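Peer 1: Once you've had a glance at the structure underneath, I'll fire off some questions.
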Amino acid sequence: MKKLIILAVLASAGFGVYRFAFASSGAYQAYERFADAMLHDRWDEARKLTTSDAVRGIIDQDESFPKKVGYEIYRNIRGVVHMGPSRKVESEVASADGKSVTLRVVQEERRGPVTMSPVGPPTVRHKQDVVVAETPDGWRVQGFKEEVESLGDR
Numbered sequence: 257m258k259k260l261i262i263l264a265v266l267a268s269a270g271f272g273v274y275r276f277a278f279a280s281s282g283a284y285q286a287y288e289r290f291a292d293a294m295l296h297d298r299w300d301e302a303r304k305l306t307t308s309d310a311v312r313g314i315i316d317q318d319e320s321f322p323k324k325v326g327y328e329i330y331r332n333i334r335g336v337v338h339m340g341p342s343r344k345v346e347s348e349v350a351s352a353d354g355k356s357v358t359l360r361v362v363q364e365e366r367r368g369p370v371t372m373s374p375v376g377p378p379t380v381r382h383k384q385d386v387v388v389a390e391t392p393d394g395w396r397v398q399g400f401k402e403e404v405e406s407l408g409d410r
């Protein structure tokens, strides 16, 4: 029993160090700012965090949707963020020269109509592959690809 407790303590300490190391890297922090901007529809902020025309195209496409259907319909379709996001870094791989990092992140949030309870299980999962590169202005997103799936009824 004593060995099991020691093993559990070591495992939790190792996980804590792992989470702290990823959360403190400059590449992860840049990704997190970009992902938060995209999550909360702050398009101009997201554009400032990238130097890639391909990623700007994704931002432009996401920004144009509410303009096409109307903001109220957009809010009803997409929902508002009630809780989250929670993010889990599945991998963080640096290039040989250390100038770019490829992140694979799973992000979950609770999203739904304004009247939805703000607490409860997540309703949306994003599987994101992100390339973050070091530039003279700091870390910037160079590549962004995501798959979005619903986790159940809202």
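In this text, residue positions in the sequence shown follow our numbering: the first is 257, and each later residue adds one.
Just so you know, even glycine gets a beta-carbon here, dropped at the ideal spot from N, CA and C.
Remember, predicted model here, so these are calculated numbers, not experimental data.
#1: May I ask you to verify whether the region 297-313 touches the region 367-380, counting CB pairs closer than 8 Å and requiring at least 3?
#2: Helix, strand or coil for E402? Go by DSSP, reduced to three states.
#3: Do you know offhand how far P322's Cα is from R298's?
#4: Just how far apart, CA to CA, sit Q363 and P377?
#5: State the CB to CB distance for the pair V388 and V357, rounded to an integer number of angstroms; the pair is presumed to be in contact (CB under 8 Å).
#6: Terminal residues of the continuous alpha helix (DSSP H) containing R343?
#7: Between Q285 and K259, what straight-line distance do the alpha-carbon atoms span, to the nearest angstrom?
#8: In the DSSP output, which residue or residues are listed as bridge partners for G394?
Peer 2: Per the coordinate set shown:
#1: Counting Cβ pairs under 8 Å, fewer than three are found: no touch.
#2: DSSP, reduced to helix, strand and coil, places E402 within a strand of the structure shown.
#3: Looking at the backbone, the Cα of P322 and that of R298 are separated by about 13 Å.
#4: Straight-line Cα distance between these residues: approximately 13 Å.
#5: By a beta-carbon distance limit of 8 Å, V388 contacts V357. Their separation comes to about 5 Å.
#6: No alpha helix (DSSP H) contains R343, which is instead part of the beta strand (DSSP E) from 336-350.
#7: Taking C-alpha positions only, Q285 is separated from K259 by approximately 37 Å.
#8: Looking at the DSSP assignment, G394 forms a beta bridge with T391.
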